[in-house]
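Enquirer: Read top to bottom, the protein sequences are chains A and B.
Residue 278 in the working numbering is what sits at position 278 of the first sequence, and the numbering runs on without skipping anything.
Residue 696 in the working numbering is what sits at position 70 of the second sequence, and the numbering runs on without skipping anything.
Each residue gets a CB set at the ideal place from its N, CA and C atoms; glycine is no exception.
Just so you know, these numbers come straight off a predicted model, no measurement behind them.
Starting off with a structure, shown below.
Number of protein chains: 2
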Amino acid sequence: MAISSFLKRASSYLHGHPACFKALVLVTLSSGSLVAYSDSQSETDKVSLDLNQKEQKKKKVVVLGTGWAGTSFLKDIHVSSYDVQVISPRNYFAFTPLLPSVTCGTVEARSIVEPVRNIIKKRNGEIQFFEAECVKIDAANNKVLCRSNLDQNLGGNGEFSLEYDYLVIAVGAQVNTFDTPGVRENCHFLKEVEDAQKLRDSVIDSFEKAVLPGLSEEERKASLHFVIVGGGPTGVEFAAELHDFIQEDLVAIYPMVKDLVRITLIQSGDHILNTFDDRISSFAEQKFQRDGIEVCTGCRVLGVSEKSLSVKVKSQGEIYSIPHGLVVWSTGVGTRPLVRDFMEQVGQGDRRILATNEWLRVKGSENVYALGDCATIDQRKIMEDILSIFKAADTDNSGTLTVSEFEDVVDDILIRYPQVELYLKSKHLMDVTDLLRDPEGNERESVDIEEFKSVLCLVDSKTKSLPATAQVAAQQGTYLSKCFNRRQQCQEHPEGPRRFSGSGQHHFRPFRYFTFSLCLSYFIMGIIDELARSIQICICICYLSSPINWFHLMWPKRYKHFGKFAPLGGEQAAAELPGDWVSMGHSTQWLWYSVYASKQVSWRTRVLVVSDWARRFVFGRDSSRI
Amino acid sequence: MAISSFLKRASSYLHGHPACFKALVLVTLSSGSLVAYSDSQSETDKVSLDLNQKEQKKKKVVVLGTGWAGTSFLKDIHVSSYDVQVISPRNYFAFTPLLPSVTCGTVEARSIVEPVRNIIKKRNGEIQFFEAECVKIDAANNKVLCRSNLDQNLGGNGEFSLEYDYLVIAVGAQVNTFDTPGVRENCHFLKEVEDAQKLRDSVIDSFEKAVLPGLSEEERKASLHFVIVGGGPTGVEFAAELHDFIQEDLVAIYPMVKDLVRITLIQSGDHILNTFDDRISSFAEQKFQRDGIEVCTGCRVLGVSEKSLSVKVKSQGEIYSIPHGLVVWSTGVGTRPLVRDFMEQVGQGDRRILATNEWLRVKGSENVYALGDCATIDQRKIMEDILSIFKAADTDNSGTLTVSEFEDVVDDILIRYPQVELYLKSKHLMDVTDLLRDPEGNERESVDIEEFKSVLCLVDSKTKSLPATAQVAAQQGTYLSKCFNRRQQCQEHPEGPRRFSGSGQHHFRPFRYFTFSLCLSYFIMGIIDELARSIQICICICYLSSPINWFHLMWPKRYKHFGKFAPLGGEQAAAELPGDWVSMGHSTQWLWYSVYASKQVSWRTRVLVVSDWARRFVFGRDSSRI
């Protein structure tokens, strides 16, 4: 039975292009292994330590949180230079991008978590971990107050405080309900592993409810109406997973109610996946339409009760009440109370989200750093510094800036104000000195301060804030640990851009999101790697040689920053790859498998995740409510 | 790292006898497959139905519970003859013998459960399952009242009632606290999958607690004192699993508290595993002593509070208070309130446990059957029927019974009163007619009623009640479904023993526990099977050819009924095999792996359990608290 179901599933994929697919599977797994191998190699590549630094008293670093940002910071920080203590209410790191897969049992919760102690064990056992929640940051006294979330079996109320020299806040964000009434009480979220486990149980519950005796048809229908609020990548992926779970597994064991199931995706914007390329949005909408997933765009949820939710259709202004069996709320992120309280202390009380400078240091604080979803980088505007820049560049104090004077400072400008580069790209300017041309496009020998201002006045509009994603958080953690490790060295030999409003250089280069991190590592960096080369080429060939209806490769249309995936169910996915490549279809799903397998935090989770996928192919998903 | 740890673990086993072990692994897996294959074949072996029966209106059968008894009943019942409805608060069947493994993550909870709907799907979809709890049996009106355990999202209070023609009670038992104060509030149990999951979390919690800052040494010690009450197979297996979990996995990631850990096993009797052979008891006690697990025999727990438990040492009469971090209570089974209420209705209010006759029908009821842990078979005493037996056997009404007259009824006696056979074995009598010899052992031609009574008066003392095990429950389910399926046929052509107190025969043979079910199927039945033959011989050869210090095979000493296992940790187990073989050591653990793998309810769980074991060997157990 199971074997035949597997063959049935497999045959539908192998149907068209068996050779390509077989090659892809092989290559997918092997490349994952190789990349993982090269990852693990890089871990051992440690910068040699300054001897003086060793002799000094170790500074205390307290890290709050063990998510992407916290964990990647811990992986690289030198325990020989710092006393590191970590606080988190969860003693594990979770590979959150796979949470939607956990909701339907495609992947087990335990396959995507790795104990923090396993991660810090590799760091010579000199990092201390405490399973507790930080309840207050006392910035004035350099202390954090923590409370154990274990039951209070032991003496006291489980509270303790830790002192720090440096504090790293990486506590992540909480769900943003936009103060919609009833959301906290009646909706499911998808932030934590527990959320995903609860959601899985609730989906099964909805089906078990619907087949109980003595219910009306309406009640059965209501119980099987699954509503997802938020058409971002998480909501879309959950909708797709749920659809697959129901159609591939649940319909067979609940045949009596299979025609009553309904999935609705509510999106306030005009399109789902609206942070993705338009082609991906419409591909996803078309796929969902074929699958029978209702997409309600331009709708706002006004409130959620136990049995129904009220929705306002923006264009008509009408309000509908929709009965539901389960609502999943996935609409962006909000600030945690701990961080909100800390923001008041450092004078950021009027901001929506904690701001750091480009070096991830919290604004208004000297020794507190914040990274990941709990903070945002407040990129300095070039117009704020325009006078200092002009003054610094005008070395002969002539009151005008020549092209060569400008060329002397341009590298520092590009590092300090990355929006300049984005502006150049948006204007299709090849060279930064082209900025100095006059409005008609003619070259100028020099510009005065007013002309210089008018040239740069639009640059700041291109300032971009980084998305709240795992990739950004992980890179920030690594960046910060590198800064910590090289603090002494960079104080003596600064390597950042020059200070326009002061003298000398910044100690470090500002944080910059490495846009090619995810996918390009497979396509370019991987190819350069000697061992991986042949396999990566195979991937490329398989990928590019696939027929166009199976793999919609479209060429660059406009500049895009980040590579990102959106699995759409039915073994199809969409991806925006670096260089503005857009890819959709079955092959993208295989690329997704490959990337997600290789990006796992340990070999254990890698093996578990891959075997979970294999198990799902062979036996389907489990519907036991445990 | 992981690979090297695997090699280290593996090498310690392969060290002594690599060839034997390799063969064992291979053979273990293959034999599991083959036995499972032959299992699945037997499912298709359906008795042809009586046409008359089909034409009659289908009788309604309601089954309460989806444990071992309920599930094995459902697997075989003919849906063409009965309308079957199943009620259970859990929509899955759990392979309970592996629960102790789940507590420490050796096996995942999801690997030992199979959705009930998957099991009944194979029965042509004509069995209805409702996820609800039966709250009352209304025996007078042939009704059961059920309440959905899902949240009351839908109309009403989730209650509904079902009518039945036949009711099958297979709800299992609850834990027996012997009314010890504080046990329900402060102890962990090991009856359900949820219990095992909670216990796993609590073990991790105890360690996380113990490493929090600001605790005294005493508090840390208390948190890491694990107490198990009950030295039966479950308690012993949990103690062994916990010891392995701590020594193999937790000590490495909590090195700072490794010397504070203490495991104590409290047993009221003089020895642990006291239902097993003495050699196994002392082997287990010695092993636990070497492992540092404290075994306190002859102790009674008087009460359990949040932080300590008070224990009375029976021999001294003194009472000690012992601080603990976690207590697991595993001391036998008690009756559920539902069954207790039903017992009042059928006049069994003064009994401790629900009694059925030898055909599993509840005493005092015509159409209610009870099987598994919730009931016990009340074996009829031969002395109650002694006059009828004598009268029925004395065909010539001579007032005396000759040997040949006795021989005419002896087969029926043996079937109806299985204690006779046990009595013969205990007296080492080869032939049943030897019973008629006089007290000096001389043959007698005939006996009168008084002599007959004196001959049989000790027989009833050998009456044995069946243990509350998975094997018994499963066999009862299968037996009862066969009776149901052949009801009409056996009414017309009875096949049971003759009725001594009435005329004719009993319709069915009484239930008899198939003592060779577990292990002998591997050693004898398996060998007969054509396909499995060669592999089974390999097992036997490997098993028997192992050196004696590695495999303690001891020959029969006294008669024993059931084959049973007791895993003792450190890849060692003890087993009582049929024919009074006692086996202990590493090889027994491999036999245990083989038996438990093959006895899984589906291929899915079989693959999952085996891969969990493999994962544990390679990566160890996970310590994430999810």
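Take every Cβ of the stretch 282-294 of chain A, pair it with every Cβ of the stretch 237-244 of chain A, and state whether three or more of those distances are shorter than 8 Å.
Expert: Touching, per the Cβ criterion.
Enquirer: Can you grab the Cα-Cα spacing for the pair residue 326 (chain A) / residue 234 (chain A), in whole Å?
Expert: 16 Å
Enquirer: What residues in the stretch 455-487 of chain A have a beta carbon less than 7 Å from any beta carbon of chain B?
Expert: Cβ contacts with chain B: none found.
Enquirer: Does any C-beta atom of chain B lie closer than 8 Å to the C-beta of residue 153 (chain A)?
Expert: Note that residue 153 (chain A) has pLDDT 45, beneath the 50 cutoff, so the model's placement of it is unreliable and the number below is only indicative. Yes, residue 153 (chain A) counts as interfacial toward chain B.
Enquirer: What number of angstroms, rounded off, separates the C-alpha of residue 81 (chain A) from the C-alpha of residue 484 (chain A)?
Expert: 9 Å
Enquirer: Can a CB atom of chain B be found closer than 8 Å to the CB of residue 224 (chain A)?
Expert: no
Enquirer: Determine, for residue 838 (chain B), whether the minimum Cβ-Cβ distance to residues of chain A falls below 8 Å.
Expert: yes
Enquirer: Short check: CB of residue 1252 (chain B) to CB of residue 84 (chain A), under 8 Å?
Expert: no
Enquirer: Would you please state the rounded distance, in angstroms, between the beta carbons of residue 575 (chain A) and residue 564 (chain A)? I believe it to be under 8 Å.
Expert: 7 Å
Enquirer: Nearest-angstrom Cα distance between residue 1246 (chain B) and residue 308 (chain A)?
Expert: 46 Å
Enquirer: Return the first residue and the last residue of the beta strand (DSSP E) that residue 451 (chain A) is part of.
Expert: Per DSSP, residue 451 (chain A) belongs to no beta strand (DSSP E); it is in the alpha helix (DSSP H), 449-456.
Enquirer: Could you tell me whether the Cβ of residue 768 (chain B) comes closer than 8 Å to any Cβ of chain A?
Expert: no
Enquirer: Just curious, the beta strand (DSSP E) that residue 1030 (chain B) is in, first and last residue?
Expert: No beta strand (DSSP E) holds residue 1030 (chain B); the alpha helix (DSSP H) holding it covers 1029-1042.
Enquirer: Near residue 1032 (chain B), what residues of its chain come up, given a Cβ to Cβ distance below 7 Å and the 5 sequence neighbours on each side ignored?
Expert: 1019, 1059 and 1062
Enquirer: Pairs of beta-carbons, one from the stretch 468-480 of chain A and one from the stretch 354-373 of chain A, closer than 8 Å: are there three or more?
Expert: Yes, they touch.
Enquirer: Whose Cβ in chain A lies nearer than 8 Å to the Cβ of residue 1193 (chain B)?
Expert: Those do not exist, as residue 1193 (chain B) stays about 22 Å from chain A at its closest Cβ, beyond 8 Å.
Enquirer: Between residue 731 (chain B) and the ligand ATP, is the CB less than 7 Å from at least one heavy atom?
Expert: Judged by which ligands are present, the structure shown has none, so any question about the ligand ATP falls away.
Enquirer: Between the C-alpha atoms of residue 453 (chain A) and residue 438 (chain A), what's the straight-line distance to the nearest angstrom?
Expert: Each residue's alpha carbon lies about 12 Å from the other.
Enquirer: Strictly below 8 Å CB to CB, what residues from chain A border residue 741 (chain B)?
Expert: 253, 622, 623 and 624
Enquirer: So residue 717 (chain B) and residue 208 (chain A) are in contact, right, with Cβ under 8 Å, and what is the actual spacing, rounded?
Expert: 6 Å
Enquirer: Which word fits residue 506 (chain A), buried or exposed, when buried means at least 16 other C-beta atoms lie within 10 angstroms of its C-beta?
Expert: Note on residue 506 (chain A): 16 or more other CB atoms within 10 angstroms of its CB, so buried under the neighbour-count rule.
Enquirer: With a Cβ-Cβ cutoff of 8 Å, do residue 753 (chain B) and residue 700 (chain B) count as a contact?
Expert: yes
Enquirer: Distance check for residue 58 (chain A) and residue 814 (chain B), CA to CA, integer angstroms please.
Expert: 44 Å
Enquirer: Which same chain residues, not among the five before or five after residue 495 (chain A), have their C-beta less than 8 Å away from its C-beta?
Expert: Cβ neighbours of residue 495 (chain A) beyond the five flanking positions: 505, 507, 508 and 509.
Enquirer: Who pairs with residue 94 (chain A) in a beta bridge, going by DSSP?
Expert: A:113
Enquirer: Just tell me which of A:61, A:567 and A:596 has its CA closest to the CA of residue 586 (chain A).
Expert: A:567
Enquirer: Quick one: complete alpha helix (DSSP H) runs, 4+ long, within the stretch 156-194 of chain A?
Expert: 183-186
Enquirer: In chain order, what residues of the same chain lie with their CB nearer than 7 Å to the CB of residue 1027 (chain B), ignoring the 5 residues before and after it?
Expert: 1016, 1019, 1020, 1072, 1073 and 1078
Enquirer: Taking all protein chains shown into account, do 16 or more other C-beta atoms lie within 10 angstroms of the C-beta of residue 1083 (chain B), making it buried, or fewer, making it exposed?
Expert: Exposed, by the Cβ-count rule.
Enquirer: If you check the beta carbons only, do residue 1232 (chain B) and residue 1223 (chain B) fall under 8 Å apart?
Expert: yes
Enquirer: Would residue 656 (chain A) be called buried (16 or more neighbouring beta carbons within 10 Å of its own) or exposed?
Expert: A question about residue 656 (chain A) goes unanswered here, because the residues of chain A that appear run from 1 up to 626.
Enquirer: Hey, residue 920 (chain B) and residue 889 (chain B) are a contact pair by Cβ (cut 8 Å); roughly how many whole angstroms apart?
Expert: 7 Å
Enquirer: Please list the partners that residue 830 (chain B) has in chain A, where partner means a Cβ-to-Cβ separation under 8 Å.
Expert: 91
Enquirer: How about residue 225 (chain A) and residue 78 (chain A): do their beta carbons lie closer than 8 Å?
Expert: no
Enquirer: Given that residue 695 (chain B) touches chain A, what residues does it touch there, using C-beta distances under 8 Å?
Expert: Those do not exist, as residue 695 (chain B) stays about 19 Å from chain A at its closest Cβ, beyond 8 Å.
Enquirer: Kindly list, in the order they appear in chain B, the residues whose Cβ is closer than 9 Å to that of residue 305 (chain A).
Expert: Neighbours of residue 305 (chain A) on chain B: none; closest Cβ ~11 Å, over 9 Å.
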